[in-house]
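S.K.:
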Amino acid sequence: MGANKNIKQEEWELLANELFNKQAGTSEKPTNTNSVTSEEWEELQRLSKQIDLHYQLKQYSPTKAWYEVKNQIRSNNKSKRTIHLRILQIAAAVVIALLIGSAAYYVGQSNLGNKHMAEVTVDDAGLSQLELSDGTLVTLNRDTKINYPDQFNGSSREVSIEGEAFFEVKPNPDKPFIIHAGDATIRVLGTSFTVNAYPGSDRVEVIVATGKVQFSKTKSSNGTNQVILDPGEKGTYEHASQNLGKMVNTDLNFLAWKTRTLVFSETSLEEVIQHLNKVYRVQIKLADSNLNQLLLNAHFEREPLDFILEVISSTHGLTVQKQGEHYLLLKKEA
1317 MGANKNIKQE
1327 EWELLANELF
1337 NKQAGTSEKP
1347 TNTNSVTSEE
1357 WEELQRLSKQ
1367 IDLHYQLKQY
1377 SPTKAWYEVK
1387 NQIRSNNKSK
1397 RTIHLRILQI
1407 AAAVVIALLI
1417 GSAAYYVGQS
1427 NLGNKHMAEV
1437 TVDDAGLSQL
1447 ELSDGTLVTL
1457 NRDTKINYPD
1467 QFNGSSREVS
1477 IEGEAFFEVK
1487 PNPDKPFIIH
1497 AGDATIRVLG
1507 TSFTVNAYPG
1517 SDRVEVIVAT
1527 GKVQFSKTKS
1537 SNGTNQVILD
1547 PGEKGTYEHA
1557 SQNLGKMVNT
1567 DLNFLAWKTR
1577 TLVFSETSLE
1587 EVIQHLNKVY
1597 RVQIKLADSN
1607 LNQLLLNAHF
1617 EREPLDFILE
1627 VISSTHGLTV
1637 QKQGEHYLLL
1647 KKEA
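Heads up: the sequence shown at position 87 corresponds to 1403 in the numbering used here, and the numbers run straight through without jumps.
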């Protein structure tokens, strides 16, 4: 073995570089170092391939690899002890390099998952429904934008939204679903609810259909920082005052934009028209403000707008004038 047993730092680097950057099929000992024999080089190649296989399968364990190296050394012929002790030194350097590489790989993968964001924007043409990678269903109202990752990595599932959407979150107790909506945050484990957070609005609203929802401020400020919402409750966050509160939801039509089901029970005509304008994306006006307080009792299931306006006009003796997407309701002339 007459090779020099003192391997210099430069030669360590050359050996490591040769192991990890060698071309496929290359097995010759590097010519620029005399401190490793051909027999030692073959043993190093075999060890590095085994470790590399663990790394590629994402099952690499530095501790396990270390003990495998030591056990293999102990099982070899005592006459090769000197060779294998030096191989152990090189293998230890390989293990350390792989440990650093593994950490960089997994951190990189985590960051990569966060960077692979998809964006869906719904314009005024209609609604849109999408299914996220965890099975959560999201129905987007018009003029709504949502950002979400291709895959949910880490300990939570996080999205951001501008506009209005109905979420049917797939239950997962180990990975909460978090929605960022302006200055407010919604956190759930598995439930269904609607979020209204249009950029131009003065508030964020959350109305719960099933399950429980944690509704909180993104930034800490005075007053209540979070509320827990149960089914049938509505949470509101006021941007100007930063007030966060909850109340019983009295709006039977909060999901009418999605379901096209409208229920009016002693509802003022002013409120009826507000709902119709939102659901059908039109502009309906009353010619006389005195008509605002007229009441309507009706239940509509996916009826066309013209039919609904005909019911209203017949009920209260009104005339409907239509100009494109604009409607005007006025009293019939005597």
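All residues carry an ideal CB built from backbone N, CA and C; glycine is no exception.
Assuming Val-1598 contacts Glu-1641 (C-beta within less than 8 Å), just tell me the rounded distance between them.
M.R.: Going by Cβ atoms, the distance from Val-1598 to Glu-1641 rounds to 5 Å, so yes, they are a contact pair.
S.K.: For Glu-1582, which residues of its own chain have a beta-carbon under 7 Å away from its beta-carbon, when the five flanking residues on both sides are left out?
M.R.: Once the five neighbours on either side are set aside, the close Cβ partners of Glu-1582 are Leu-1611 and Asn-1613.
S.K.: What do you reckon, is the C-beta of Gly-1548 under 6 Å from a heavy atom of the ligand FMN?
M.R.: The ligand FMN is not part of the structure shown, which contains no ligands of any sort.
S.K.: So the candidates are Asp-1567, Gly-1633 and Arg-1576; which of them puts its Cα closest to the Cα of Glu-1587?
M.R.: If we check each option's Cα against that of Glu-1587, Asp-1567 comes out closest.
S.K.: Contact defined as beta carbons within less than 8 Å: I believe Thr-1534 pairs with Thr-1501. What is the distance between those atoms, to the nearest angstrom?
M.R.: Right, their Cβ atoms sit about 5 Å apart.
S.K.: Using the beta-carbon count (16 or more within 10 Å), is Ile-1589 buried or exposed?
M.R.: Label assigned to Ile-1589: buried.
S.K.: Could you check the C-alpha separation between Leu-1446 and Thr-1455 for me, to the nearest Å?
M.R.: Between Leu-1446 and Thr-1455, the C-alpha separation is close to 7 Å.
S.K.: Quick one: grab the DSSP three-state call for Phe-1623.
M.R.: Phe-1623 falls in the helix class under three-state DSSP.
S.K.: Kindly indicate which three-state DSSP category Val-1598 falls into: helix, strand or coil?
M.R.: Here Val-1598 sits in coil by DSSP.
S.K.: Would you tell me roughly how many angstroms separate the C-alpha atoms of Ile-1600 and Met-1563, rounded to the nearest one?
M.R.: If I take the Cα positions, the gap works out to 29 Å.
S.K.: Here's the rule: buried if 16 or more other CB atoms are within 10 angstroms of the residue's CB, otherwise exposed. What is Ser-1473?
M.R.: Position check: residue 1473 holds Arg in this sequence, whereas Ser was assumed. Looking at its Cβ environment, which holds 16 or more other Cβ atoms inside 10 Å, Arg-1473 is buried.
S.K.: I'd like to confirm the pairing. Which residues does DSSP put opposite Asn-1463 in its beta bridges?
M.R.: DSSP lists Glu-1435 and Ser-1476 as partners of Asn-1463.
S.K.: Could you give the DSSP three-state label for Arg-1362: helix, strand or coil?
M.R.: The answer is helix: DSSP assigns Arg-1362 an H, G or I state.
S.K.: Under 6 Å Cβ to Cβ from Gln-1637, same chain only, skipping five residues before and after it: list those, please.
M.R.: Cβ neighbours of Gln-1637 beyond the five flanking positions: Leu-1644.
S.K.: Rounded to a whole number of angstroms, what is the C-alpha to C-alpha distance between Ala-1497 and His-1591?
M.R.: Between Ala-1497 and His-1591, the C-alpha separation is close to 23 Å.
S.K.: Are the beta-carbon atoms of Ile-1523 and Phe-1570 separated by less than 7 Å?
M.R.: Contact flag set, yes.
S.K.: Going by CA-CA distance only, name the one from Phe-1531, Ile-1544 and Leu-1585 that's closest to Asn-1512.
M.R.: It is Phe-1531 whose Cα lies nearest to the Cα of Asn-1512.
S.K.: Whose C-alpha, out of Ile-1495, Thr-1510 and Phe-1509, is nearest the C-alpha of Arg-1503?
M.R.: Per the Cα distances, Ile-1495.
S.K.: Find the nearest neighbour of Leu-1492 within the set Gly-1479, Leu-1545 and Gly-1506, judged by alpha-carbon distance.
M.R.: Checking the displayed sequence, the identity of residue 1492 turns out to be Pro instead of Leu. It is Gly-1506 whose Cα lies nearest to the Cα of Pro-1492.
S.K.: Can you tell which of Val-1627, Leu-1585, Lys-1528 and Thr-1452 has its C-alpha closest to the C-alpha of Asp-1546?
M.R.: The residue with the shortest Cα to Cα distance from Asp-1546 is Lys-1528.
S.K.: Using a threshold of 7 Å, state whether the C-beta atoms of Tyr-1596 and Leu-1634 are closer than that.
M.R.: Result no, Cβ atoms of Tyr-1596 and Leu-1634 do not sit closer than 7 Å.
S.K.: Who are the near neighbours of Leu-1373 in its chain, counting only those whose CB is closer than 7 Å to its CB and skipping five residues on each side?
M.R.: Residue placement at Leu-1373 is poorly supported in this model, since its pLDDT is 49, which falls under 50; the coordinates are not used for a value here.
S.K.: By Cβ distance, which residues of its chain are closer than 6 Å to Ser-1629, with the 5 residues on each side in sequence left out?
M.R.: Closer than 6 Å at Cβ, skipping near neighbours: Val-1636.
S.K.: Which residues mark the beginning and the end of the beta strand (DSSP E) in which Lys-1638 is found?
M.R.: Start and end: 1634 to 1639.
S.K.: Tell me the rounded alpha-carbon separation between Glu-1549 and Glu-1649.
M.R.: Straight-line Cα distance between these residues: approximately 44 Å.
S.K.: Where do the ends of the beta strand (DSSP E) carrying Thr-1507 lie?
M.R.: From DSSP, Thr-1507 is part of no beta strand (DSSP E); its letter is neither H nor E.
S.K.: Between the Cα of His-1632 and those of Ala-1572, Asn-1608 and Leu-1448, spot the shortest distance and give me the residue it belongs to.
M.R.: Ranking Ala-1572, Asn-1608 and Leu-1448 by Cα distance to His-1632 puts Asn-1608 first.
S.K.: Reducing DSSP to helix, strand and coil, say where Thr-1631 ends up.
M.R.: Note: Thr-1631 maps to helix in three-state DSSP.
S.K.: I need the straight-line Cα distance from Pro-1515 to Asn-1606, nearest angstrom please.
M.R.: Cα to Cα, Pro-1515 sits roughly 32 Å from Asn-1606.
S.K.: I'd like to check one pair, Arg-1519 with Thr-1552: are the Cβ atoms closer than 7 Å?
M.R.: Result yes, Cβ atoms of Thr-1552 and Arg-1519 sit closer than 7 Å.
S.K.: Rounded to the nearest angstrom, what separates Leu-1560 and Gly-1451 at their Cα positions?
M.R.: When rounded, the distance between both Cα atoms is 30 Å.
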